[in-house]
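J.: Quick one: the structure is below, and I'll ask about it shortly.
In my numbering, the protein residues as written are 19 to 173.
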């Protein structure tokens, strides 16, 4: 088997968490389950950056910043060897990704699901919905030509 085919069909699950209580988000790649390295005191974004050829984790961090890309993630942004997994954790609808973080997610393939959250926040604000959850798996450097797998829910 060629090295690039070794991980061609590995099951993947990305589960975000709508609230900070009860459970943390999880990401499972094959038989390995990853957990966040810290717990945010308010809503946060969990970033897991994984080498797609070896499945080794390059970055595992939680950030509460909905506008900026964490410094540890930035070196991987244009490298198609790395995948980005993102799961929210207790994020409210008024803290959907914006600015550089939004741009990063779109560059990694985020699309209609993230756009829908932005639209709901813009049109309805935080009065109708409280928490949201968003999860995505995308490829750095892939851009809109490669769509990410993404899902969201509102409460």
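Positions of the beta carbon are idealized from the N, C-alpha and C atoms, including for glycine.
Bridge partners for residue 78 per DSSP, in chain order?
T.: Beta-bridge pairing links residue 78 to 66.
J.: Nearest CA to the CA of residue 142: which residue from 114, 59 and 46?
T.: When each option's Cα is compared against that of residue 142, the closest is 114.
J.: Per DSSP, what kind of secondary structure is residue 117 in: helix, strand or coil?
T.: In the structure shown, residue 117 sits in a helix (DSSP, three-state: H, G or I).
J.: Would you grab the beta carbon distance between residue 34 and residue 153 for me? Rounded to a whole angstrom, and I think it's under 8 Å.
T.: Their Cβ separation, rounded to whole angstroms, is 4 Å, which keeps residue 34 and residue 153 in contact under 8 Å.
J.: Residues in the same chain with beta-carbon distance under 7 Å from residue 37, minus the five sequence neighbours each way, listed in chain order, please.
T.: Correct list, in chain order: 108 and 149.
J.: On the CB-based measure, 16 or more other CB atoms within 10 Å of its CB, does residue 106 come out buried or exposed?
T.: Buried, by the Cβ-count rule.
J.: Alpha carbon to alpha carbon, what distance is there between residue 71 and residue 88?
T.: One C-alpha to the other measures close to 23 Å.
J.: Let me know the secondary structure DSSP gives residue 136 once reduced to three states.
T.: Correct three-state label for residue 136: helix.
J.: Spell out the partners DSSP gives residue 168 in its beta bridges.
T.: 154.
J.: Can you check DSSP and say which residues form a bridge with residue 104?
T.: Paired residue(s): 65 and 154.
J.: Who are the near neighbours of residue 157 in its chain, counting only those whose CB is closer than 7 Å to its CB and skipping five residues on each side?
T.: Correct list, in chain order: 98, 101, 126, 127 and 164.
J.: I'd like to know whether the C-beta atoms of residue 54 and residue 42 end up nearer to each other than 7 Å.
T.: Contact flag set, yes.
J.: Can you name, in chain order, every residue of its own chain whose Cβ lies under 7 Å from the Cβ of residue 91, other than the five neighbours on each side?
T.: Only 65, 67 and 77 meet the Cβ criterion.
J.: Thinking C-alpha only, which one of 32, 139, 120 and 29 is nearest residue 84?
T.: Measuring from the Cα of residue 84, the nearest candidate turns out to be 120.
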